[in-house]
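What follows is a set of notes on a single structure, which appears directly below.
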Amino acid sequence: MPIRLSTLFLRTLREDPSDAEVTSHKLLVRAGYIRRAAPGVYTWLPLGLAVKAKIEQVVREEMAAAGAQEVFFPALLPREPYEATGRWTEYGDNLFRLQDRKKADYLLAPTHEEMFTLLVKDLYTSYKDLPVCLYQIQNKYRDEARPRAGLLRGREFVMKDAYSFDLTDEGLVASYQAQRDAYERIFTRLGVDYVIVKADAGAMGGSASEEFLSPSPIGEDTFVRSPGGYAANVEAVQTVAPAPLPIEGQPAAVVHPSPNTPTIASLVDLANATVPRADGRAWTAADTLKNVVLALTSPEGKRELVVVGLPGDREVDAKRAEAAFSPNDVEPATESDFEKNPGLVKGYIGPVKLDEGEQVLGLEGSTKIRYLLDPRVVDGTAWITGANIAEKHVFDLVKGRDFNADGIADIAEVRAGDEAPDGSGPLELARGIEIGHVFQLGRKYAEALDLRVLDENGKLQVVTMGSYGIGVTRLVSVLAEANNDEKGLIWPEAVSPADVYVVAAGKDDVVYETAERLAAELEAAGKSVILDDRQKVSPGVKFGDAELIGVPKIVIVGRGLETGEVDLWDRRSGERRPVKVESAVAELL
RNA sequence: CGGGAUGUGGCGCAAUUUGGUAGCGCACCUGUUUUGGGUACAGGGGGUUGCAGGUUCAAAUCCUGUCAUCCCGACCA
């Protein structure tokens, strides 16, 4: 049966909702696909549900093709499994927690690693049962601090999450590849533009991780890509270390007074005014070594200071720092941190006190504070940096000769024009929306929840896992965002709420009878149809709604009937062409 | 959590500066009209102005508090 607009539960709006900022959000509300129920929580109307179902269908087909089997967990879960993996507390305020009448703790699942792991543990005990890949399409709940852009970041959303279970690392790689291939097919079929970027794997304790990002200016993730095909999340970009320089022949380090140089810029100005370079070029911020003090807080609440030295023309990228020091929280050191560490001379922090031959920073230094360096600070490079004495800086301090560090911290900002790690050219920065994530989890959850199977030698082996997510409801907004014009939505055929939209434009009975017949024939031929059979509604309103709702193929049944014709209207191109009524169905198949 | 803004019929807004008892458009209902680009006319229903106090003869409007929502940032497997 066609969907009839005369009875469809739908009210289109002429004006944008005032709480919507991005196009997809405005259009999905105006065209009657979704309604806001609470911040970040949406009600699905019939048209929206149809689009969501189309996406889910594509996902199901490709999951089946990849050998994954569908299950369905509750969204309401007990506390215990999440306690076992530490996530009851680690998840923090983003977890929706509640209690039953007996005051027992429950949560609304933000993700289901624990439950899948326990389910496999519940039923399987032999290597012969592996590999196995399970998935579900389920509501997830995260109490986001700031939901935004309609469906783009909700507190309740639908996610397809799949988990693979293998005995061996090679098996995991194969399972991972199968899911990754399935994702490529899914996004291609849905008509979503995407790039696969290397992602930071640290946060969840796994190894390989890649994100599927749909490039979009409203995206919340920043990624980089090069002309040669390199693509990565900014957190995952590895800075290329230059080749070391010879230490012999470098001028000796000298301490110079540098009063009133609170910023790198003022330091550079002073250096150029008072200590001109021997080679005649001017000092720049890139010649300075900035020592940033960070405070790390471990999940157990232990606080540790660390100093990171990086070129003065670069800022610390907070996201890269969080990723690099995960699972610790990272924040700038506070006044009280400095008070507790008088060895750090604020504003003039440096790795050594040159005159006294004292190593200041580093686990071996007088402060015992871990000292890490940006990868660009290689042996033989000379720097202007703090003398660790108030109002003094040291010039020509050479790495490998005058100072060393405990390790590397690659947390400086990535800038457009930086070289790609694989040498494939200069990087450009772009924004994207994360629509999928594939992840080799490894044995973290299996170990925490004791998922082990007997191998062929009768020995217990910990299973290795992968997790694979697709944001189903987020895809609705991504598709809406990428497919619209000033008139409304324009769905790709694969996700359109119907295959054909038939408009009965006129008042004569024959118009409605013909439209009904056409709709019935299309349905008989396997096409889903939305039929605008509203009488007493003017053609202008019907055309406007047709454009707003965004089915890509529209048929207008109206005045053309005088010559036995209907108009085929392509929503995307705007082109209309008359065809004979009898050939209309064939044209639309 | 920091910064900014906003709360008035279902939706979008006005009236707030200068207190006088709430109005417009859309949507909805009835009738006539119109039917290939949001027809026209007439009639109609619907709001204790986010909430709680206070000032006043009188509060959407002034004061205090509070709650909520949106935007930017922080945060975000």
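Residue numbers are given in this note's numbering: position 370 of the first sequence equals residue 370, and the series is strictly consecutive.
Ideal Cβ placement from N, Cα and C applies to all residues, glycine included.
| Asked | Found |
| --- | --- |
| Buried or exposed for Leu589, please, with buried defined as at least 16 other CB atoms from any protein chain shown within 10 angstroms of its CB. | exposed |
| With distances taken between CB atoms, is the gap from Lys290 to Gly312 smaller than 7 Å? | yes |
| Tell me whether the segment 234 to 246 and the segment 404 to 415 touch, counting them as touching only if at least three CB pairs, one residue from each stretch, are closer than 8 Å. | yes |
| If we count the other Cβ atoms within 10 Å of its Cβ and call it buried at 16 or more, is Asn260 buried or exposed? | exposed |
| Does Ile470 come out as helix, strand or coil in the three-state DSSP assignment? | strand |
| Let me know if Glu210 comes out buried or exposed under the rule of 16 or more other beta-carbons within 10 Å of its beta-carbon. | buried |
| Specify the secondary structure class of Met465 as computed by DSSP and reduced to three states. | strand |
| Helix, strand or coil: which one does DSSP assign to Pro342? | coil |
| Please report the distance separating the alpha-carbon of Ala243 from that of Val377. | 10 Å |
| Need the endpoints of the beta strand (DSSP E) that Phe223 sits in, please. | Asp221 to Arg225 |
| Could you work out which residue in Gln461, Asp499, Gly506 and Ser467 is closest to Tyr124 when comparing CA atoms only? | Gln461 |
| Taking only three categories from DSSP, how would you classify Asp499? | coil |
| Quick check: is any heavy atom of the ligand FMN less than 6 Å from the C-beta of Arg155? | As far as ligands go, the structure on display features none, and thus does not contain the ligand FMN. |
| With DSSP collapsed to three states, give me the class of Gly560. | helix |
| Please name the residue in Ile55, Ala231, Arg277 and Glu21 whose C-alpha comes closest to that of Arg185. | Ile55 |
| So, for Arg597: in the same chain, excluding its five sequence neighbours on each side, which residues have a beta-carbon less than 6 Å away from its beta-carbon? | Absent from the structure is residue 597, since the part of the chain shown begins at 1 and ends at 589. |
| Measuring CA to CA, which of Ile556, Gly488, Leu451 and Asp455 is closest to Val500? | Ile556 |
| Which word fits Asp545, buried or exposed, when buried means at least 16 other C-beta atoms lie within 10 angstroms of its C-beta? | buried |
| In terms of DSSP beta bridges, what is Met1 paired with? | None, per the DSSP bridge assignment. |
| Can you list the beta strand (DSSP E) stretches of 3 or more residues lying completely in the segment 63 to 145, in chain order? | 76 to 78, 96 to 99, 105 to 108 and 132 to 141 |
| Report the partner residues of Phe395 according to the DSSP bridge assignment. | Val254 |
| Could you tell me which of Thr297, Phe187, Lys198 and Gly380 sits nearest to Gln250, measuring between CA atoms? | Gly380 |
| Identify which residue in Glu113, Lys444 and Asp422 has its Cα closest to the Cα of Leu77. | Glu113 |
| Near Gly506, what residues of its chain come up, given a Cβ to Cβ distance below 6 Å and the 5 sequence neighbours on each side ignored? | Gly558 |
| Suppose you measure from the CA of Gly471 to the CA of Arg401; what does that come to, to the nearest Å? | 52 Å |
| Which same chain residues, not among the five before or five after Asp181, have their C-beta less than 6 Å away from its C-beta? | none |
| Take Glu248 and list the residues in its own chain whose beta-carbon comes closer than 7 Å to its own, dropping the five residues that flank it on each side. | none |
| Using 8 Å as the cut-off, can you tell me whether the segment 150 to 158 makes contact with the segment 466 to 486, which would need three or more C-beta pairs spanning the two stretches below that distance? | yes |
| Looking at the structure shown, is Phe325 part of a helix, part of a strand, or coil, going by DSSP? | helix |
| Just confirm the distance between the C-beta atoms of Leu372 and Ala321, as a whole number of angstroms; I'd bet it's less than 8 Å. | Between Ala321 and Leu372 the Cβ distance is about 11 Å, and since that is not below 8 Å, they are no contact. |
| Starting from Ser6 and walking both ways along the beta strand (DSSP E), at which residues does that stretch end? | Neither: Ser6 is in no beta strand (DSSP E) and is coded neither H nor E. |
| So Leu167 and Tyr127 are in contact, right, with Cβ under 8 Å, and what is the actual spacing, rounded? | 5 Å |
| So, are the CB atoms of Leu429 and Ala420 less than 7 Å apart? | no |
| Taking the alpha carbon of Arg314 as the reference point, which residue from Glu170, Arg415 and His437 has its own alpha carbon closest? | Arg415 |
| Report the partner residues of His437 according to the DSSP bridge assignment. | Glu211 and Gly469 |
| Closer than 6 Å by C-beta to Gly205: which residues in its own chain qualify, once you throw out the five before and the five after it? Chain order, please. | Low per-residue confidence applies at Gly205: pLDDT is 47, beneath 50, and the placement is therefore not dependable enough to give any value. |
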